[in-house]
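Just so we're aligned: the sequence shown equals residues 156 to 590 in my numbering. For reference, the structure discussed in these notes is given below.
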Amino acid sequence: MTTLSPLLLLPLVLFLANPRDATSQGDTKSAEEAPLPSVSDNAPLEVEVWGGIRDLYKIAAPLPLGDPALAAEVKDIQENDYRLSSLFKVLDSKSFLADLVAEGMEIQKEPWVQVGAQGVVKCRITRAGDAVELRCHLFETTRPDAPALARTYKGTPSELRGLVHTWVNEVIRHFTGTPGAFGTQLAFARKHGPGVKHIYTADWTGGPVSRITRNDSINILPAFGPGGIYYTSFVEGEPFLYRTGQRKPVLSHPGLNMGATFHGNRMAVVLSKDGNPEIYVGNADGTGLKRLTNSGAIDVSPSFSPDGSQIAFVSDRHGSPQIFVMSAAGGGAKRVTFQGSYNQTPNWCPRPGSNLVAFTGRDGGVFDVFTVDVGSGQVRRLTQKQGRNSDPAFSPDCRQVAFSSSRGGIYVSNPEGLNHIQVLPGEADTIRWSR
Numbered sequence: 156m157t158t159l160s161p162l163l164l165l166p167l168v169l170f171l172a173n174p175r176d177a178t179s180q181g182d183t184k185s186a187e188e189a190p191l192p193s194v195s196d197n198a199p200l201e202v203e204v205w206g207g208i209r210d211l212y213k214i215a216a217p218l219p220l221g222d223p224a225l226a227a228e229v230k231d232i233q234e235n236d237y238r239l240s241s242l243f244k245v246l247d248s249k250s251f252l253a254d255l256v257a258e259g260m261e262i263q264k265e266p267w268v269q270v271g272a273q274g275v276v277k278c279r280i281t282r283a284g285d286a287v288e289l290r291c292h293l294f295e296t297t298r299p300d301a302p303a304l305a306r307t308y309k310g311t312p313s314e315l316r317g318l319v320h321t322w323v324n325e326v327i328r329h330f331t332g333t334p335g336a337f338g339t340q341l342a343f344a345r346k347h348g349p350g351v352k353h354i355y356t357a358d359w360t361g362g363p364v365s366r367i368t369r370n371d372s373i374n375i376l377p378a379f380g381p382g383g384i385y386y387t388s389f390v391e392g393e394p395f396l397y398r399t400g401q402r403k404p405v406l407s408h409p410g411l412n413m414g415a416t417f418h419g420n421r422m423a424v425v426l427s428k429d430g431n432p433e434i435y436v437g438n439a440d441g442t443g444l445k446r447l448t449n450s451g452a453i454d455v456s457p458s459f460s461p462d463g464s465q466i467a468f469v470s471d472r473h474g475s476p477q478i479f480v481m482s483a484a485g486g487g488a489k490r491v492t493f494q495g496s497y498n499q500t501p502n503w504c505p506r507p508g509s510n511l512v513a514f515t516g517r518d519g520g521v522f523d524v525f526t527v528d529v530g531s532g533q534v535r536r537l538t539q540k541q542g543r544n545s546d547p548a549f550s551p552d553c554r555q556v557a558f559s560s561s562r563g564g565i566y567v568s569n570p571e572g573l574n575h576i577q578v579l580p581g582e583a584d585t586i587r588w589s590r
């Protein structure tokens, strides 16, 4: 068993929290480590709509009726959501032929068919004091005249973004059977001056950014868990695990307390209290800890499978960091990446039954984002020749992958590596997506 001295703890924590710093180390591949695939090796993109495979669905979302200022806001949020979904092609409003005033909340199909619209969304937003009402109809140009979907939402002006997200989620549910992930949050770490990093959260579509930590220390590796956001902080001089809303550490063992991840009230976390970094599972309050790994190697970065029965993690037990999977009860560790010499930061797609794990892999001295099917071992590349890309995190519906990019901030793409869109500017590390 390797024992880590206190002097090595900080570099190890910072390295695990920011793997891009390893780009200077180069790549050395053993005989069992084939090169990582290129984007050209990926299968062609197909989009799932109505449970089948179709092209992007052409949708028109004209300016809503009602309050002009709020209508413009609804239009912007709604169109942005449709584009980010990777399911829809939003038609340019300049191409519309319909008389929008005469149509009101209904449609005349022929003008919309002429511009190629398969779906048309009509909304009305009204305001009375500090209350707003959003009514939306979805029409399909190949189906009867009645709306295929109709919803009414009420709230305050400050809740308008959330109301629109809820509507778009319902549109996605209508076509795919499962709702979208709009309205969920990203958590990430960001440098805030020399020797200071803070934890932030933001609506993943580019909504306001909120700072979570207020100390002048290093705060890293956030995770959404029961009762708040968990993160590792050096505020007391050691890497202890904290949760928002309470000052006392959740875990304060000697050495590392980091990399928490959750399945319900169960927590997997990395501790080095017995020597080298190992993975433990226990309750979200830090009680009932059980050690799962005992390989004599460094085992870090746990991520639960959708049903909580397995954990993906990183281990260098075969000489280089690779992605492994083991039982969440311990034992049965199996290596799943054999391409690339430096793979880490696994994040398991939370969709029930999914075998897909996103991870960061180093190729040619540069980090990029990949996925691996832990059943078949098939690896797909999501980024290439687009700067440094790392720290992937799946959305709750697994239709998007968020990641940090040297292009500037947080980007999202679909799991096939297409539709790259910057959603948040500025530096961001160790991204996690709320469930």
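Glycine included, C-beta positions come from ideal geometry on N, C-alpha and C.
Worksheet item: Using 8 Å as the limit for Cβ to Cβ distance, is L396 near chain D?
Response: Checking the listed chains, one finds no chain D in this structure; it contains a single protein chain.
Discussion item. Three or more C-beta pairs under 8 Å: does that hold for the segment 523-536 against the segment 215-230?
Written reply: No contact exists between the segment 523-536 and the segment 215-230.
Worksheet item: Can you tell which of S250, T296, V276 and V256 has its C-alpha closest to the C-alpha of E265?
Response: As a position in the sequence shown, residue 265 is number 110, starting the count at 1. If we check each option's Cα against that of E265, T296 comes out closest.
Worksheet item: How would you label L246, buried or exposed, when you count the other beta carbons within 10 angstroms and need 16 or more for buried?
Response: On the sequence shown, position 91 is the one that residue 246 refers to. L246 should be labelled buried.
Worksheet item: Helix, strand or coil: which one does DSSP assign to G485?
Response: Numbered from its first residue, the sequence shown carries residue 485 at position 330. In this structure, G485 counts as coil in the three-state DSSP scheme.
Item to complete: Assign T307 to buried or exposed, taking buried as 16 or more other Cβ atoms, counted over all protein chains shown, within 10 Å of its Cβ.
Response: Here residue 307 refers to the residue found at position 152 when the sequence shown is read from its first residue. By the neighbour-count rule (16 or more Cβ atoms within 10 Å), T307 is not buried but exposed.
Worksheet entry | Pick from F549, R279, A216 and Q494 that is closest to S509, judged by C-alpha positions | Position 354 of the sequence shown, counted from the start, is the residue given in the question as residue 509. Of the candidates F549, R279, A216 and Q494, the one whose C-alpha sits nearest the C-alpha of S509 is F549.
Worksheet item: Counting Cβ pairs closer than 8 Å, one from the segment 574-581 and one from the segment 234-250, do we hit at least three?
Response: Contact between the segment 574-581 and the segment 234-250 is present: three or more C-beta pairs spanning the two stretches fall below 8 Å.
Fill in: Residue span of the alpha helix (DSSP H) that contains V229, given as start and end
Stepping through the sequence shown from its first residue, residue 229 is reached at position 74. Note, V229: alpha helix (DSSP H), P223 to L239.
Worksheet item: Where does R328 sit, in a helix, a strand or coil, going by DSSP?
Response: For this step, residue 328 is matched to residue 173 along the sequence shown. If DSSP states are grouped into helix, strand and coil, R328 belongs with the helices.
Practice prompt. Grab me the residues of T178's own chain with a C-beta within less than 8 Å of its C-beta, minus the 5 sequence neighbours each way, in chain order.
Written response: The residue labelled residue 178 in the question sits at position 23 within the sequence shown. For T178, the predicted structure reports a pLDDT of 42, less than 50, and the residue's modelled location is therefore unreliable. The matter cannot be settled from this model.
Worksheet item: Taking the beta strand (DSSP E) that A305 falls in, what are its first and last residues?
Response: To locate residue 305, count along the sequence shown from 1; it is residue 150. L304 to G310 is the extent of the beta strand (DSSP E) around A305.
Worksheet entry | D236, buried or exposed, once every other Cβ within 10 Å from all chains shown has been counted against 16 | For the purposes of this step, residue 236 is taken as the residue at position 81 of the sequence shown. Buried, because 16 or more other Cβ atoms sit within 10 Å of the Cβ of D236.
Worksheet entry | For Q465, the first and last residue of its enclosing beta strand (DSSP E) | Reading the sequence shown from its first residue, position 310 is the one you call residue 465. Run containing Q465: Q465 to S470, per the beta strand (DSSP E) assignment.
Discussion item. Quick check: the Cα distance between R298 and D358, rounded to an integer number of angstroms?
Written reply: Locating residue 298 in the sequence shown gives position 143, where the first residue counts as 1. Locating residue 358 in the sequence shown gives position 203, where the first residue counts as 1. R298 and D358: Cα-Cα distance of roughly 34 Å.
Item to complete: Round the Cβ separation of I547 and P505 to the nearest angstrom and send it over; I've been treating them as touching at under 8 Å.
Response: Along the sequence shown, read from residue 1 onward, the residue named residue 547 stands at position 392. Along the sequence shown, read from residue 1 onward, the residue named residue 505 stands at position 350. In the sequence on display, residue 547 carries Pro and not Ile. Their Cβ separation, rounded to whole angstroms, is 13 Å, which puts P547 and P505 out of contact at 8 Å.
Worksheet entry | 8 Å Cβ cutoff met for A342 and T356 | Taking the sequence shown and counting its residues from 1, the one referred to as residue 342 is at position 187. Taking the sequence shown and counting its residues from 1, the one referred to as residue 356 is at position 201. Yes, the pair counts as a contact, with Cβ atoms nearer than the cut-off.
Worksheet entry | Buried or exposed (CB count within 10 angstroms, at least 16 for buried), Q555 | Locating residue 555 in the sequence shown gives position 400, counting from the first residue. Buried: at least 16 other Cβ atoms inside 10 Å.
Worksheet item: Buried or exposed: which applies to S464, given that a residue is buried once 16 or more other Cβ atoms fall within 10 Å of its Cβ?
Response: Indexing the sequence shown from 1 puts residue 464 at position 309. By the 10 Å Cβ count, S464 comes out exposed.
Discussion item. Pop quiz: V351 and S372 are said to be a contact at Cβ under 8 Å. What is the actual Cβ separation, rounded to whole angstroms?
Written reply: For this step, residue 351 is matched to residue 196 along the sequence shown. For this step, residue 372 is matched to residue 217 along the sequence shown. About 7 Å separates the two Cβ atoms, so the contact holds.
Worksheet item: Which same chain residues, not among the five before or five after P377, have their C-beta less than 6 Å away from its C-beta?
Response: Against the sequence shown, residue 377 aligns to sequence position 222. Contacts found: A342, I354, I384, Y386 and R587.
Discussion item. Run through the DSSP bridge pairs and tell me what W322 is partnered with.
Written reply: Working through the sequence shown from its first residue, we reach residue 322 at position 167. W322 pairs with nothing; no bridge assigned.
Worksheet entry | Buried versus exposed, by CB contacts within 10 Å (16 or more), V469 | What you label residue 469 is simply residue 314 of the sequence shown in a count that begins at 1. By the neighbour-count rule (16 or more Cβ atoms within 10 Å), V469 is buried.
Worksheet item: How would you write the range of the beta strand (DSSP E) that V287 sits in, first residue to last?
Response: Residue mapping note: residue 287 aligns to position 132 of the sequence shown, counting from 1. Looking at the DSSP string, the run of the beta strand (DSSP E) that includes V287 is A286 to E295.
Worksheet entry | In chain order, each alpha helix (DSSP H) run of at least 4 residues that lies wholly inside the segment 536-587 | none
Worksheet item: Looking only at its own chain, which residues have a Cβ that is under 7 Å from the Cβ of P302, when we skip the five neighbours before and after it?
Response: Position 147 of the sequence shown holds residue 302. The answer, listed in chain order, is H292, L293 and F294.
Discussion item. By DSSP's criteria, S388 is part of a beta bridge. Which residues make up the other side?
Written reply: Within the sequence shown, the letter at position 233 stands for residue 388. Answer by DSSP bridge pairing, in chain order: N374 and F395.
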